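Heads up, the thing below is written out as structure tokens.
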Amino acid sequence: MEAGLAFLLVVALPLLGAPLIYLIGRLVERKQAGVNPSRWVALVVLLAAFVPFSLVAQMLFTQGMVISFSLGVIRLQMDGVGALLAGLVLVLGNLVTLFSGPYLSKEEHQEKFYALLSMMIGGMIGLGCTSDLFNLWVWFELMAIASYPLVSFHRHSPAVLEAGVKYLVQSAVGSAFVLIGIALVFGQTGSLAFAGIRANAPLTPVMLAAGALFLIGFGVKAALVPLHTWLPDAHSQAPSGISAMLSGVVIEAGLIALLRALGALFAVSDLWGVFLLGFAALNMLLGNLMALRQTQVKRLLAFSSLSHMGYILLGIGCAFAFGASNAAAGGFFHILTHGLMKGLAFLAAGALLYALYLANGKHQPLMVEDLDGAANRYPLAAFGLSVALLGLGGIPPLAGFMSKWQIFVGGFETRQTWAIVLVIFAALNSVLSLAYYAPLINRMYRHHPSTTIQTGQPVSVWMNAVLIVLTVGVVILGFWPSLAGWLTQPAAQSLLAALGG
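Residues in the sequence shown are numbered from 506 upward in steps of one, following this note's numbering.
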């Protein structure tokens, strides 16, 4: 298969598959009530996208090619950053699709869920592969538009609708800021292509203002503190599969959009890295402090995502500020490991939520006390959640420890005082996070089973299968971190190349 065609299929299959998923699911359900094949159609579409992706990734990493595709105003280019995001999105998207079948078994209009999920996946892949600001904004909006109704898919309470509206309004305001920033850049440079902007960007206050608008606009989706206020509600109220996608890939896609935009403006100011490092400190501290106060499991995990965005920003910020390639690779490695670990955590919590409440027709949150004795009745879900929490806490030899370690080493290698101070601050925050991860594990294994656990329904085989796959992935990347190097090193090189390094 020719490289350009393979690249086109990676992006197009999820997008073209979305209406197909909806139509087939709708038509079959009308003819035979209670039968909805939309999940299996979605799974076929997303698995099919792996075939061209593997070809493109092979050409990209073994032959050093940058794969491009152009059709009218649509210009796409897959580099190391785009490949890492596409690979993670496809892996997590397929697993969420498989998991969501039993999870949504009592819900109506499942075809809408899977069609929107496929559309969101296509939007994220396109976002990671843009080569100009206009297409970056278009793909960013496509991802956002698909995610809004998914957050409020369980329209059973005012809290769900409130979370959806809050996410919609804040994201829309952020998108407006980005659009204004794009207009300013075009007015100053006459170009929207990243390469053209880098070559012609003048050192003017207008360009600084454009960069600030990008920080705010994309920062909303990336959940940069204090632009994060949509995140706890959206994560806690969305279906667990969507919570896994929001935390595992959507906020990371927002960060990658920000990196693309700031990379084009890198010559305008040397302060972008300082801002990213400042956000890193805020995210780590506030995320951990807020997580300590939570009594809902999914809300706790949502605030945990804030702190982990801080670790990612620490690695990427060192690349912007000091040209630290190892720190950048560590940041991209943590994007990968966090996606797997937080996906595992949300899906394991979702499996318990399904067994304890949803399978009994109840829509209510999974509380921390509901985990008491969960390991006795639901050993796989409890073990998967424990592995995820230990990895997120940075306990060796799991994947989270390895990615954090690479970020810390990369920060020390800069030999810059502020970078070293932030690394120490990050390490202390990692220890602090154990204060809310460890009690959850203690409850599952050392407490007597709660009444809720004793009266719960069985967890689906498909759910357990997904949890096993993610658990194995988190463990393998901990023992064999170099396995991720074929994705993270090219991503770091692509970022530094965009910064002129």
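Heads up, the beta-carbon is just placed ideally off N, CA and C, and yes, glycines get one too. Just so it is clear, the structure is predicted and the values come from calculations on it, not from any experiment.
{"Asked": "Which partner residues of L576 appear in the DSSP bridge assignment?", "Found": "I579"}
{"Asked": "Let's see if you can read the secondary structure: which residues bound the alpha helix (DSSP H) around T993?", "Found": "G990 to A1003"}
{"Asked": "DSSP on D584, reduced to helix/strand/coil?", "Found": "coil"}
{"Asked": "Are V699 and S636 touching if we call contact CB-CB under 8 angstroms?", "Found": "One detail in the question is off: residue 699 reads as Phe in this sequence, not Val. Yes, Cβ-Cβ distance for F699 and S636 is below 8 angstroms."}
{"Asked": "Have a look at A681 and L805 and give me their C-alpha separation to the nearest angstrom.", "Found": "30 angstroms"}
{"Asked": "Tell me whether T919 sits in a helix, a strand or coil according to DSSP, three-state version.", "Found": "coil"}
{"Asked": "Could you tell me the alpha carbon to alpha carbon distance between G633 and L975, rounded to whole angstroms?", "Found": "23 angstroms"}
{"Asked": "Anyone know if the C-beta pair for V979 and A887 falls short of 8 angstroms?", "Found": "no"}
{"Asked": "Can you tell me which of the three DSSP states T635 falls into?", "Found": "strand"}
{"Asked": "Determine, using beta carbons only, whether V971 and L876 come nearer to each other than 8 angstroms.", "Found": "no"}
{"Asked": "Would you identify the three-state DSSP class for Q869, choosing helix, strand or coil?", "Found": "coil"}
{"Asked": "Only counting runs of 4 or more residues, tell me where the alpha helix (DSSP H) segments fall wholly within the segment 612-662, in order along the chain.", "Found": "615-633 and 638-656"}
{"Asked": "In this structure, how does DSSP classify A824 when only helix, strand and coil are distinguished?", "Found": "helix"}
{"Asked": "Using only alpha-carbon positions, find the residue among L818, A880 and G587 that is nearest to K909.", "Found": "L818"}
{"Asked": "Below 8 angstroms on the Cβ atoms is my guess for A649 versus L689; work out the distance and round it to an integer in Å.", "Found": "Not really, about 21 angstroms apart at Cβ, beyond 8 angstroms."}
{"Asked": "Per DSSP, which residues does A698 bridge with? Please list them.", "Found": "D637"}
{"Asked": "From Q911 to A834, what does the alpha carbon distance come to, in whole angstroms?", "Found": "8 angstroms"}
{"Asked": "In angstroms with no decimal places, state the Cα-to-Cα distance between A739 and P519.", "Found": "24 angstroms"}
{"Asked": "Taking only the alpha-carbon atoms, compute the straight-line gap between P944 and I900 and give it to the nearest angstrom.", "Found": "15 angstroms"}
{"Asked": "Rounding to the nearest angstrom, what Cα-Cα distance links L548 and M907 in this structure?", "Found": "31 angstroms"}
{"Asked": "Where does the unbroken alpha helix (DSSP H) through W545 begin, and where does it stop?", "Found": "S543 to T567"}
{"Asked": "Should the segment 752-765 be called in touch with the segment 588-603, which here means at least 3 C-beta pairs below 8 angstroms?", "Found": "yes"}
{"Asked": "Helix, strand or coil for Q801? Go by DSSP, reduced to three states.", "Found": "strand"}
{"Asked": "Does the beta-carbon of P986 have 16 or more other beta-carbons within 10 angstroms, so that it is buried, or is it exposed?", "Found": "buried"}
{"Asked": "Between I721 and the rest of its own chain, which residues show a CB-CB distance below 6 angstroms, the 5 nearest in sequence each way excluded?", "Found": "F682"}
{"Asked": "Answer yes or no: do S955 and G898 have a C-beta to C-beta separation smaller than 8 angstroms?", "Found": "no"}
{"Asked": "What would DSSP say about E874, mapped onto helix, strand or coil?", "Found": "helix"}
{"Asked": "Buried or exposed: which applies to T694, given that a residue is buried once 16 or more other Cβ atoms fall within 10 Å of its Cβ?", "Found": "buried"}
{"Asked": "Going by the beta-carbon positions, is the gap between L666 and S657 smaller than 8 angstroms?", "Found": "yes"}
{"Asked": "Could you give the distance in angstroms between the alpha-carbon of V779 and the alpha-carbon of I821?", "Found": "11 angstroms"}
{"Asked": "Out of Q921, L708 and H813, point me to the one whose CA is closest to G792's CA.", "Found": "H813"}
{"Asked": "Since V964 is in the alpha helix (DSSP H), which residue starts that stretch and which ends it?", "Found": "Note, V964: premise wrong, no alpha helix (DSSP H); not H, not E."}
{"Asked": "Quick one: Cα of N947 to Cα of M750, how far?", "Found": "27 angstroms"}
{"Asked": "DSSP three-state label for S987, please.", "Found": "helix"}
{"Asked": "Pick from L581, H614 and L1001: whose alpha carbon is nearest that of F827?", "Found": "L1001"}
{"Asked": "Whose CA, out of R531, I529, S605 and G509, lies closest to the CA of R580?", "Found": "G509"}
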